[in-house]
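Below is one structure, written out as structure tokens; the observations come after it.
Chains as they are written, first to last, in this note's numbering: chain R, 1 to 278; chain W, 1001 to 1173.
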């Protein structure tokens, strides 16, 4: 519950960034506001010099269409802040996740995450340490229509994740529904299960907002479903790096909170859609 | 775009509800108890009711509860074994609490076994299953030498105590 609450707050924090970005118009002050202001100048002009009406009209129309936007294409690289900061306050956790994407088309991005985790889970009945690395690769689809040259992203995507890891059972307890003898000893084990692996499919809902220049803040929520899972003998993969905690079924959830830097490679001009004249 | 935000929100909300799965469901088969059934020694195929049987584990002062009572008059009982160590000793007292002390009879049975621990789930942790010793699964003694043992014969039906769905021990008296 605590984690989900935290993710809610982070999510709204990022949302608020996006709102700020959407309302910020100062850097784009130079760009003429599309239609409304020019009409007024046009009207003024027509009032002053009614004879020159026809040529100016054509010119302004042309200028208007020149303000076409250019889309920047490139690679975005960064890391998950949540994993890095968590290591500061949670002594049972160490993790790092690098994220990256490459813009393929106007709306599609190739996306990948690469990470490593070392987590000790202390549950009521089992205490174990999971160590391993994972990679997730897939794509994002940007469903957000940007104004002018804004570059915000609200995306839905898919990933295929793969993780190799090992588990060490530190200690455990035996469940006895009839504790007549009142024994609940904690049994130390230290047994290690090596060579484990799992793979899964992730549905990603994400948001990235440009905070300044080429720096983006992002947040994503993930719904995971296990595809393969190589389980240890007489234990279970209760935590899988990248997939996170496993539940009784094969579903899981995750999120990340990223800061990324965009490296532009080339630009593409967008031809504005031809608006039919009335 | 608003729909997506709404969708994400609904998704996150739906997961916040399924957080508490770390309580072990009592229906989950965990460490099994030893199931003992009582039969008539004269007529071995007929189940026989015990009268005010009290079962006391070694080192305990209160008997094992059967439906909330320390004595039972049924034909079968389920008793928990110790998960630490390789044997548990019980005293079986027939006609427990009877004012006529001549009727009160106590026998002692020690069960010898090995344990194995099996993983159940995150919530339940591990469970123990037991394998009764193949050569001496039990030792049967009388508490006071003066009277006879009330248990005439003990039969081991199942050496492996893995669940509570089957009878492991039959006692004839």
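Just so it is clear, CB atoms sit at the ideal spot from N, CA and C, and this is done for glycine as well. Here the structure is a predicted model, which is why all the values come from computation and not from measurement.
Neighbour list for residue 1064 of chain W in chain R, Cβ cutoff strictly below 7 Å: 180
Leaving out five residues on either side along the sequence, give the residues of the same chain with a beta carbon under 6 Å from the beta carbon of residue 257 of chain R. 10, 81, 82, 219
How about residue 1152 of chain W: is its Cβ closer than 6 Å to a heavy atom in the ligand SAM? Although the ligand SAM was asked about, the structure shown includes no ligands whatsoever.
On the three-pair Cβ rule with 8 Å, is the region 1044-1054 of chain W touching the region 1084-1104 of chain W? Look at the beta carbons and you see the region 1044-1054 of chain W touching the region 1084-1104 of chain W: at least three pairs across the two are nearer than 8 Å.
Hey, is residue 1110 of chain W's beta-carbon within less than 7 Å of any beta-carbon in chain R? False, the Cβ-Cβ gap to chain R never drops below 7 Å.
Mind listing the chain R neighbours of residue 981 of chain W? Cutoff is C-beta to C-beta under 9 Å, in chain order. The structure shown does not extend to residue 981 of chain W, since chain W is modelled only from 1001 to 1173, so the question has no answer here.
If contacts are defined as beta-carbon pairs under 8 Å, then residue 1143 of chain W and residue 1108 of chain W qualify, I think. What distance do you get, rounded to the angstrom? 6 Å
Would you grab the beta carbon distance between residue 95 of chain R and residue 116 of chain R for me? Rounded to a whole angstrom, and I think it's under 8 Å. About 7 Å; that satisfies the 8 Å criterion.
Which residues, in chain order, does the region 1065-1087 of chain W contribute to contact with chain R at a C-beta distance below 7 Å? 1080, 1082, 1083, 1084
Checking 7 Å against the spacing of the C-beta atoms, do residue 103 of chain R and residue 262 of chain R come in under that value? Contact: no.
With a threshold of 8 Å, are at least 3 pairs of Cβ atoms found where one atom belongs to the region 168-182 of chain R and the other to the region 1125-1140 of chain W? Cβ pair count under 8 Å is three or more, so yes.
With a threshold of 7 Å between beta carbons, is residue 202 of chain R in contact with chain W? It does not; no Cβ of chain W falls within 7 Å.
Nearest-angstrom Cα distance between residue 1038 of chain W and residue 1076 of chain W? Rounded to whole angstroms, the separation of the alpha carbons of residue 1076 of chain W and residue 1038 of chain W is 6 Å.
CB contact flag (residue 141 of chain R, residue 156 of chain R, <7 Å): yes
Residue 148 of chain R versus chain W: which residues are under 9 Å apart at the beta carbon? Using a Cβ-Cβ cut-off of 9 Å, residue 148 of chain R is close to nothing in chain W; its nearest Cβ partner there is about 17 Å away.
So with CB distances below 7 Å, who are the chain R contacts of residue 1128 of chain W? Correct list: 174.
Would you say residue 123 of chain R faces chain W, with C-beta separation under 7 Å as the test? Flagged as an interface residue toward chain W: residue 123 of chain R, by a C-beta distance shorter than 7 Å.
Reducing DSSP to helix, strand and coil, say where residue 238 of chain R ends up. coil
Quick check on the DSSP output: what are the complete beta strand (DSSP E) runs of length 3 or more inside the region 1138-1172 of chain W, in order along the chain? 1138-1142, 1153-1156, 1169-1172
From the DSSP output, which residues share a beta bridge with residue 225 of chain R? R:201, R:251
Where do the ends of the beta strand (DSSP E) carrying residue 87 of chain R lie? Per DSSP, residue 87 of chain R lies in no beta strand (DSSP E); the unbroken alpha helix (DSSP H) holding it starts and ends at 81-89.
I believe residue 1048 of chain W touches residue 1040 of chain W by the beta-carbon criterion, under 8 Å. Please report the beta-carbon distance rounded to the nearest angstrom. 4 Å
Using a Cβ-Cβ cutoff of 8 Å, what residues of the region 216-241 of chain R are near chain W? List them in chain order. 221, 223, 234, 235, 236, 238
Hey, quick one: how far does the beta strand (DSSP E) through residue 122 of chain R stretch, first residue to last? 108-122
Stretch pair the region 235-244 of chain R + the region 131-139 of chain R: three plus CB contacts closer than 8 Å: yes
Would a check of beta-carbon distances place residue 87 of chain R closer than 7 Å to chain W? no
Helix, strand or coil: how does DSSP classify residue 1048 of chain W here? coil
Of the choices R:253, R:92, R:250, R:146, whose alpha-carbon is the least far from that of residue 170 of chain R? R:92
Do you know how far the Cα of residue 158 of chain R is from the Cα of residue 36 of chain R? Unreliable positioning characterises residue 36 of chain R in this predicted model, as indicated by a pLDDT of 49, which lies under 50. The coordinate reading is nonetheless provided below. Taking the straight line from one Cα to the other gives about 41 Å.
Comparing C-alpha positions only, which one of R:234, R:188, R:120 sits nearest to residue 86 of chain R? Ranked by Cα distance from residue 86 of chain R, the options R:234, R:188, R:120 are led by R:120.
For residue 1064 of chain W, does the three-state DSSP call read helix, strand or coil? It is coil, neither helix nor strand.
7 Å Cβ cutoff, residue 1168 of chain W in contact with chain R: no
Buried or exposed: which applies to residue 231 of chain R, given that a residue is buried once 16 or more other Cβ atoms fall within 10 Å of its Cβ? exposed
Give the DSSP-derived three-state secondary structure of residue 209 of chain R in the structure shown. Strand, per DSSP.
Buried versus exposed call for residue 1102 of chain W [16 or more other C-beta atoms within 10 Å across all chains shown]: The residue in question, residue 1102 of chain W, is exposed, as its Cβ has fewer than 16 Cβ neighbours within 10 Å.
With DSSP collapsed to three states, give me the class of residue 245 of chain R. If DSSP states are grouped into helix, strand and coil, residue 245 of chain R belongs with the strands.
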